[in-house]
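What follows is a short report on a single structure.
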Amino acid sequence: MQPSHTPDNPIPADVRARVMPAALDELARWGVERFSIEALAERHHLDPAMIHRYWGSPQRLIVDAALADAEIISTATDTGSLRGDLLALARNLTGRLNTDEGRTFVRAVVMNRGGHHDEATRMMLWRARFAAVRGVVDRARERGELREGVNTLVALQIVMAPLNIRVLYSDAPVDDRYCEAVADMAWHALARK
123 MQPSHTPDNP IPADVRARVM PAALDELARW GVERFSIEAL AERHHLDPAM IHRYWGSPQR
183 LIVDAALADA EIISTATDTG SLRGDLLALA RNLTGRLNTD EGRTFVRAVV MNRGGHHDEA
243 TRMMLWRARF AAVRGVVDRA RERGELREGV NTLVALQIVM APLNIRVLYS DAPVDDRYCE
303 AVADMAWHAL ARK
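Numbering (the working numbering) for the sequence shown: 123 to 315.
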């Protein structure tokens, strides 16, 4: 089933407000592989036909939920400088990862390979997150702050990977000193000297 929404016909705000928290909760609980629109609808008292009408498939809903989650991370990262943006990104990501939902969400999308969702779903999910935060590098490039040859994906992974790895292996909250250290190392790797 194809979704009924298009850029000219967006999902109504009230529908999105009900479905997105439920989708994030389901992803955090069950991961990508066990995600099911029918289970989501039953557990969260939503109409599965309505969800299918607007999203069409579990894959599209998963990606849309990942975009909603990425928007939380990418808010307020435009500080006017590469160093400030890297620190803001690290802090925003950490703010999300330090929540039970954020930590569980990251663990759910990287663990457990067996299931009915394929690698394409996983890649769409991570591309959505990348697209939401790439502005940090794009703005620095426009301002002339980046050294030559910086790969945008790798630049963002320099910030995001240590934070994600830390929450995958520990339940301890990531503190601000760690965010500052990660952002500082990323700045030294990326900045034009």
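Positions of the beta carbon are idealized from the N, C-alpha and C atoms, including for glycine.
Counting along the chain, the unbroken alpha helix (DSSP H) around D260 starts and ends at G257 to R265. The DSSP-derived three-state label of A253 is helix. Between the alpha carbons of A163 and Q181 lies a distance of about 15 Å. Leaving aside the five residues that flank A210 on each side, the residues in its chain whose CB is nearer than 7 Å to its CB run, in chain order, A198, T199 and T201.
Per DSSP, reduced to three states, the secondary structure at A313 is strand. The beta carbon of A144 is closer than 7 Å to those of L162, H166 and L168 in its chain, skipping five residues each way along the sequence. Taking C-beta separations shorter than 6 Å and ignoring five residues to either side along the sequence, the partners of R288 in its chain run V296, following chain order. The way I'd put it, the segment 262–276 doesn't touch the segment 182–193; fewer than three beta-carbon pairs between them come closer than 8 Å. Nearest C-alpha to R251 among E193, R229 and R138: E193. In the three-state DSSP reduction, L268 falls in the strand class (E or B). Rounded to the nearest whole angstrom, the C-alpha separation of M142 and L204 is 31 Å. Per the C-alpha coordinates, the member of D293, A135 and A254 positioned closest to T226 is D293.
Assigned with DSSP and collapsed to three states, I184 falls in helix.
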